[in-house]
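Read through the structure below, which is laid out as structure tokens, and then see the notes.
Number of protein chains: 2
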Amino acid sequence: MLVLTILGNNSAIPAFGRHPTAQVLQTDNDSFLIDCGEGTQTQLTKYKIRRSKITAIFISHLHGDHYFGLIGLITSMSLLGRTQPLNIYGPTALEQIINLQLSVADTTLSFPISFYSLTEEKVIFDNNKITIECFRVQHRIECWGFLFNEKKKPRKVDADRARSYEIPEAYFGKLQQGEDYVTKRGTIIPNVEVTVAATKAKRYAYCADTIFDKDLVPKIKEVDVLYHEATYLKDLEERAASRYHSTTHQAATIAKLGDVKKLIIGHFSSKYETVDDFLKEAKEVFENTELGLEGICYRI
Amino acid sequence: MLVLTILGNNSAIPAFGRHPTAQVLQTDNDSFLIDCGEGTQTQLTKYKIRRSKITAIFISHLHGDHYFGLIGLITSMSLLGRTQPLNIYGPTALEQIINLQLSVADTTLSFPISFYSLTEEKVIFDNNKITIECFRVQHRIECWGFLFNEKKKPRKVDADRARSYEIPEAYFGKLQQGEDYVTKRGTIIPNVEVTVAATKAKRYAYCADTIFDKDLVPKIKEVDVLYHEATYLKDLEERAASRYHSTTHQAATIAKLGDVKKLIIGHFSSKYETVDDFLKEAKEVFENTELGLEGICYRI
Numbered sequence: 001m002l003v004l005t006i007l008g009n010n011s012a013i014p015a016f017g018r019h020p021t022a023q024v025l026q027t028d029n030d031s032f033l034i035d036c037g038e039g040t041q042t043q044l045t046k047y048k049i050r051r052s053k054i055t056a057i058f059i060s061h062l063h064g065d066h067y068f069g070l071i072g073l074i075t076s077m078s079l080l081g082r083t084q085p086l087n088i089y090g091p092t093a094l095e096q097i098i099n100l101q102l103s104v105a106d107t108t109l110s111f112p113i114s115f116y117s118l119t120e121e122k123v124i125f126d127n128n129k130i131t132i133e134c135f136r137v138q139h140r141i142e143c144w145g146f147l148f149n150e151k152k153k154p155r156k157v158d159a160d161r162a163r164s165y166e167i168p169e170a171y172f173g174k175l176q177q178g179e180d181y182v183t184k185r186g187t188i189i190p191n192v193e194v195t196v197a198a199t200k201a202k203r204y205a206y207c208a209d210t211i212f213d214k215d216l217v218p219k220i221k222e223v224d225v226l227y228h229e230a231t232y233l234k235d236l237e238e239r240a241a242s243r244y245h246s247t248t249h250q251a252a253t254i255a256k257l258g259d260v261k262k263l264i265i266g267h268f269s270s271k272y273e274t275v276d277d278f279l280k281e282a283k284e285v286f287e288n289t290e291l292g293l294e295g296i297c298y299r300i
Numbered sequence: 301m302l303v304l305t306i307l308g309n310n311s312a313i314p315a316f317g318r319h320p321t322a323q324v325l326q327t328d329n330d331s332f333l334i335d336c337g338e339g340t341q342t343q344l345t346k347y348k349i350r351r352s353k354i355t356a357i358f359i360s361h362l363h364g365d366h367y368f369g370l371i372g373l374i375t376s377m378s379l380l381g382r383t384q385p386l387n388i389y390g391p392t393a394l395e396q397i398i399n400l401q402l403s404v405a406d407t408t409l410s411f412p413i414s415f416y417s418l419t420e421e422k423v424i425f426d427n428n429k430i431t432i433e434c435f436r437v438q439h440r441i442e443c444w445g446f447l448f449n450e451k452k453k454p455r456k457v458d459a460d461r462a463r464s465y466e467i468p469e470a471y472f473g474k475l476q477q478g479e480d481y482v483t484k485r486g487t488i489i490p491n492v493e494v495t496v497a498a499t500k501a502k503r504y505a506y507c508a509d510t511i512f513d514k515d516l517v518p519k520i521k522e523v524d525v526l527y528h529e530a531t532y533l534k535d536l537e538e539r540a541a542s543r544y545h546s547t548t549h550q551a552a553t554i555a556k557l558g559d560v561k562k563l564i565i566g567h568f569s570s571k572y573e574t575v576d577d578f579l580k581e582a583k584e585v586f587e588n589t590e591l592g593l594e595g596i597c598y599r600i
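These protein sequence lines map, in sequence, to chains A and B.
For the first sequence, the residue numbers in this note's numbering are 1 to 300.
For the second sequence, the residue numbers in this note's numbering are 301 to 600.
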């Protein structure tokens, strides 16, 4: 299972209690921070997400509402004595910005940071649980989306059934890898008889800030959850295009064309005091839409 | 009158609902922002201080808890369409940091910024209401304090009394400048007969982050209000010194030696959940101490 927590769902200027963009995606092992607007460290505290669990940070682009909180978070991690390494993936200039600010403060961090420049669409992270790919999205400046692919999980051994066939526990590892069992008498016990399928591997796509762009569709095809920005209501399609953003209907159209299971929308413009209309409008095009509300955990 | 509003009173890491350092000092005409930790723009909104009224920003030093909120505030001012110029006073590298971040975002601000590098102790701001001086304080990196001096105000004409002496209104401007009035018959009406003294010009000193340093005393001598950091309680004097910070007793000692009228303390370490003991301890040395509490307006 992946668990997505929205820490900030507003665009550009903090407003009406809404914060700039930040999300945390958690696996059994890792917390991945996706974008890091100003105040993210405070939001992490508020929603009880441990900073120490964050092993990698993904920054989509260098507009401030997506990264101004990063230097504060890093500094606090160091003041709290973090020692484990931190990986940061983002546009090339990010490293210079962070290092300049550490340098003028005469600060040496208590932990090592590795910066990875995003330069082409490819797998940028791979461990035993998940792979993460970056893909280009169209915005006013260089901007990246991220696709999180859980790895296929092994079948689970049904220990009671396996024992009823007198399969020794030493063989359970092989059962998990899908092998059948052959008894001393030569009888084949098919793997499916003594194992159960694990939960399906899940996929989450994060589409950052983007203009309405059908080229996204193959990149996010059939994911379990798609996060797509919806900065404006549908009547402001022209303004959305001029600012390289999307409307409710446009976000929902990408979800529909991509045949995704669920759409989450966010990055609401500061001009809107409430966001209920965003949900109503998106549902007109794609029924299984949810608002990306701060503090809510979405189980993927 | 000067009005001081504390927006953040915590050191280093935001904790227990306390924010990093930021203050606003307001005159009749201007709002001066003093330091600008992460989240300052949100605190301004919370306490109903209009961003558009801020004409100048003073950054004491380049530790993040004193300036990480600046780039976000500037960006938001621009998104809100500000046109009036903004003056920023701070260490030299600040301009490079801000300009780098604007540059990577391909952002041209809607208003002009003038950066003023602090390089020597002198008057850095002067208008018809106030002069502002910077002075060096001792911290781990280059760090500046600021002294705000209200200008002496002209006496006020007591219009009823002036009319009772048949002084024409056209002469009121000269009365305000301190001149006596001579009647047609040659009788001298002394200025003090028909004017009243204005409220006294006030002085506020902001001592940023500083180690206990008696050289500060002549710089803040007899101000109406002294803000002096008190990061630690008195038992942590050694830790305070090693980190170039001060304790409650040390802040209060500077206030006492400086013969100031009132002391406000802040920059409380994140290790303390409550700050009541800070007040108790400081008062042991200097009775007229107040805690710098967020959102409170101190009338100077």
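Where a beta carbon is used, it is the ideal one built from N, C-alpha and C, also for glycine.
Just checking: is the beta-carbon of residue i within a distance shorter than 7 angstroms of some beta-carbon in chain A?
{"i": "His363 (chain B)", "result": "yes"}
{"i": "Glu594 (chain B)", "result": "no"}
{"i": "Ile354 (chain B)", "result": "no"}
{"i": "Thr342 (chain B)", "result": "yes"}
{"i": "Ile349 (chain B)", "result": "no"}
{"i": "Ala555 (chain B)", "result": "no"}
{"i": "Leu400 (chain B)", "result": "yes"}
{"i": "Phe425 (chain B)", "result": "no"}
{"i": "Phe368 (chain B)", "result": "yes"}
Following the continuous beta strand (DSSP E) through residue i, name the residue where it begins and the one where it ends.
{"i": "Val423 (chain B)", "result": "Lys422 to Asp426"}
{"i": "Lys580 (chain B)", "result": "Not the beta strand (DSSP E): Lys580 (chain B) falls in the alpha helix (DSSP H), residues Asp576 to Val585."}
{"i": "Arg599 (chain B)", "result": "Cys597 to Arg599"}
{"i": "Gln384 (chain B)", "result": "That residue, Gln384 (chain B), is in no beta strand (DSSP E); it is neither H nor E in DSSP."}
{"i": "Gln396 (chain B)", "result": "Element bounds for Gln396 (chain B): not the beta strand (DSSP E) but the alpha helix (DSSP H), Ala393 to Val404."}
{"i": "Phe435 (chain B)", "result": "Ile430 to Val437"}
{"i": "Leu333 (chain B)", "result": "Ser331 to Cys336"}
{"i": "Glu290 (chain A)", "result": "Thr289 to Leu291"}
{"i": "Ser114 (chain A)", "result": "Ile113 to Ser117"}
Quick one: what's residue i bridged to in DSSP?
{"i": "Tyr506 (chain B)", "result": "B:Phe446 and B:Tyr527"}
{"i": "Arg50 (chain A)", "result": "None, per the DSSP bridge assignment."}
{"i": "Pro518 (chain B)", "result": "Note: Pro518 (chain B) sits in no beta bridge, so no partner."}
{"i": "Lys262 (chain A)", "result": "A:Val225"}
{"i": "Ser76 (chain A)", "result": "Ser76 (chain A) is not bridged to any residue."}
{"i": "Asn310 (chain B)", "result": "B:Pro320 and B:Phe568"}
{"i": "Val482 (chain B)", "result": "B:Ile488"}
{"i": "Lys456 (chain B)", "result": "B:Val496"}
{"i": "Ala315 (chain B)", "result": "B:Arg318"}
{"i": "Ile615 (chain B)", "result": "For chain B, the structure presents residues 301 to 600; residue 615 (chain B) sits outside this window and is missing."}
{"i": "Tyr232 (chain A)", "result": "A:Thr247"}
{"i": "Thr5 (chain A)", "result": "A:Val24 and A:Cys297"}
Is the CB of residue i under 7 angstroms away from at least one CB in chain B?
{"i": "Phe32 (chain A)", "result": "no"}
{"i": "Glu38 (chain A)", "result": "yes"}
{"i": "Val104 (chain A)", "result": "yes"}
{"i": "Ser76 (chain A)", "result": "yes"}
{"i": "Gly318 (chain A)", "result": "What the structure shows of chain A is the stretch from 1 to 300, and residue 318 (chain A) is not part of that stretch, so it cannot be assessed."}
{"i": "Phe111 (chain A)", "result": "no"}
{"i": "Gly266 (chain A)", "result": "no"}
{"i": "Ile13 (chain A)", "result": "yes"}
{"i": "Gly90 (chain A)", "result": "no"}
Which two residues bound the contiguous alpha helix (DSSP H) that contains residue i?
{"i": "Gln341 (chain B)", "result": "Thr340 to Lys346"}
{"i": "Leu557 (chain B)", "result": "Thr548 to Leu557"}
{"i": "Leu662 (chain B)", "result": "Nothing about residue 662 (chain B) can be read from this structure; chain B reaches only from 301 to 600."}
{"i": "Ser242 (chain A)", "result": "Glu237 to Ser242"}
Identify, in the order they occur along the chain, each residue of the same chain with its Cβ nearer than 7 angstroms to the Cβ of residue i, setting aside the five sequence neighbours on each side.
{"i": "Tyr438 (chain B)", "result": "Residue 438 (chain B) is actually Gln in this sequence, not Tyr. Closer than 7 angstroms at Cβ, skipping near neighbours: Thr510, Ile511, Asp513 and Tyr544."}
{"i": "Ala252 (chain A)", "result": "Leu263, Ala282, Val285, Phe286 and Thr289"}
{"i": "Glu273 (chain A)", "result": "Phe16"}
{"i": "Cys347 (chain B)", "result": "Looking at the sequence provided, one finds Tyr at residue 347 (chain B) rather than Cys. Excluding residues within five positions, the ones whose Cβ falls inside 7 angstroms are Thr305, Leu307 and Gly595."}
{"i": "Ser570 (chain B)", "result": "Asn310, Ser311, Ala312, Ile313 and Ala315"}
{"i": "Pro454 (chain B)", "result": "Gln476, Gln477 and Ala498"}
Closer than 6 angstroms by C-beta to residue i: which residues in its own chain qualify, once you throw out the five before and the five after it? Chain order, please.
{"i": "Gly558 (chain B)", "result": "Val517, Ile520 and Lys521"}
{"i": "Leu109 (chain A)", "result": "Ser78"}
Taking 8 angstroms as the limit between beta carbons, can you name the residues of its chain near residue i, skipping five residues before and five after?
{"i": "Ser114 (chain A)", "result": "Pro85, Leu86, Asn87 and Ile88"}
{"i": "Cys297 (chain A)", "result": "Val3, Leu4 and Thr5"}
{"i": "Asp106 (chain A)", "result": "none"}
{"i": "Phe578 (chain B)", "result": "Ala530, Leu533, Thr548, Ile565, Phe568, Tyr572 and Leu591"}
{"i": "Asn127 (chain A)", "result": "Asn29 and Asp30"}
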